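Student: Taking this note's numbering, the leading residue of the sequence shown gets 6, the next gets one more, and so forth.
Quick reminder that beta carbons are idealized off the backbone N, C-alpha and C, glycines included.
The structure presented is a predicted model; accordingly, all values stated were derived computationally and were not measured.
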Amino acid sequence: MRIALVYPLFEGVGGSERLTLDMYRALRDLGYEVDLYTAHLNEGAWQVLTDGMDDIPRPTVLREPPINKLFNRVLMLRGLLTVSYLGKHAKNLRHRYDLIIETESNVPLKWADVSYVHFPTVDILKFYLEHQHRLRLYERAYNSLVIWMARALSDGTRPVMTNSTWTANYIREAYRNQRIYIVHPPVNVEELSSIGGDRGRIVLTVSRMDLGKKVTEIPEIARLVPEAVFYLVGSTSVYSGPAIRELKRRAEGLGNFHLETDVPRKRIIELMSQASIYLHPPFAEHFGVAIAEAAAAGLVPVVYRDGGGWTDIASRVDQGLGYTSVEEAAHIVRSLLNDAERLKALSTRAREVAKGFSYERFKIRLSEVISSLSPDLSAK
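(1) Pull the bridge partners of residue 263 from the DSSP assignment, please.
(2) Compare the Cα-Cα distances from residue 353 to each of 300, 335, 311 and report the closest residue.
(3) To the nearest angstrom, report how far apart residue 302 and residue 84 are at their CA atoms.
(4) Take the Cβ of residue 125 as the centre, count every other Cβ of all protein chains shown within 10 Å, and call the residue buried at 16 or more, exposed below.
(5) Check this for me: beta carbons of residue 102 and residue 9, under 8 Å apart or not?
(6) Just curious, the alpha helix (DSSP H) that residue 278 is in, first and last residue?
(7) Using beta-carbon positions only, say whether residue 280 and residue 208 come within less than 8 Å of one another.
(8) Would you mind working out which of 325, 341, 63, 199 sits nearest residue 360, comparing C-alpha positions?
(9) Taking buried to mean at least 16 other C-beta atoms within 10 Å of its own C-beta, is residue 387 buried or exposed?
(10) Ends of the beta strand (DSSP E) at residue 242?
(11) Go through the segment 288-315 residue by residue and report every complete run of the alpha helix (DSSP H) that reaches 4 residues or more, in order.
(12) Quick one: is residue 146 buried, meaning 16 or more other Cβ sit within 10 Å of its Cβ, or exposed?
(13) What whole-angstrom Cβ distance do residue 325 and residue 190 have, given they're in contact under 8 Å?
(14) Of all the CB atoms in chain D, is at least one closer than 8 Å to the CB of residue 373?
(15) Taking the alpha carbon of residue 193 as the point to measure from, which residue in 231, 265, 294, 158 has its own alpha carbon closest?
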């Protein structure tokens, strides 16, 4: 079988880009002939993404629509204009490939045989329209336009892959899709399962520094548990300034909270070998790769009681690891640190749950999905 894997805009270095490259590798490992396509390739991002991955060839660049020059900084609209334009290329791809998979638009596209939806575009913008009352008129108009476009491009009869059971429920509501396959993003369980060492009263958080991620709540939790040491580490972007300033303000005079930004992978691994608990900010992750990685390393995950990180990871370790407030999070952390036997048992359980997110499991699940799609493909 020949497969075209389409990622419309290789612009950044994030979870959806990494998922696409992992999918490419897995499909090749399964014996399929796979070619990678995009409409735009950011060279800097591509170099970072493929560092150390000699088996990933450069994608074929199909070109963006000319109108995108007007919307270069408006990424969501630019993305939808691009996938609409790529529909014309899909007609040509159809003659060369048995299966077309699209992995970025967050829409079950009419021209793709299956799309990987990380979270429905429609719901992302509906949230802003319903909850952000201070949006200017042009911002509300923009959001309404993108929602209309996403619905116009979608096909509720198309199969969809997604990252968690939690996200699957949103897809059913947003696009009325019934054929949804849960394909959890892969985690390097093999690397992380060997992490051990003398774990202390250290609580680790790994997150992008962004106000939207609610990382500013971590020092508030640290203030309520002075007997523990909290580390917040993660990447920054041009949008991180407000979050960094607010973190420093809230951490003023706090001796048990440490902020480290843009640290290398080896530093995160070092902290994972020392920490006993992984604390995720009060944000509903669609899946939560950082949560899964921490569980694989034997850290006990304490997670906001919503999102895929809760439904598909932490709740399967123990139902008592979910929180809904800063005070509840502090209580859970303190009770775990004061119960060494329970902490040890949950660490073992966390590793067991994380095995379900290995690359090998990801590969098996992809094979199952493609086998399920085979009758549709043969009927074309």
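Tutor: With the structure as the only source:
(1) 236
(2) 300
(3) 36 Å
(4) buried
(5) yes
(6) 270-279
(7) yes
(8) 199
(9) The structure shown has nothing for residue 387, since the chain only spans 6 to 385.
(10) Element bounds for residue 242: n/a, residue is neither H nor E.
(11) 294-301
(12) exposed
(13) Their Cβ separation, rounded to whole angstroms, is 26 Å, which puts residue 325 and residue 190 out of contact at 8 Å.
(14) Any reference to chain D falls outside this structure, which holds one protein chain only.
(15) 294
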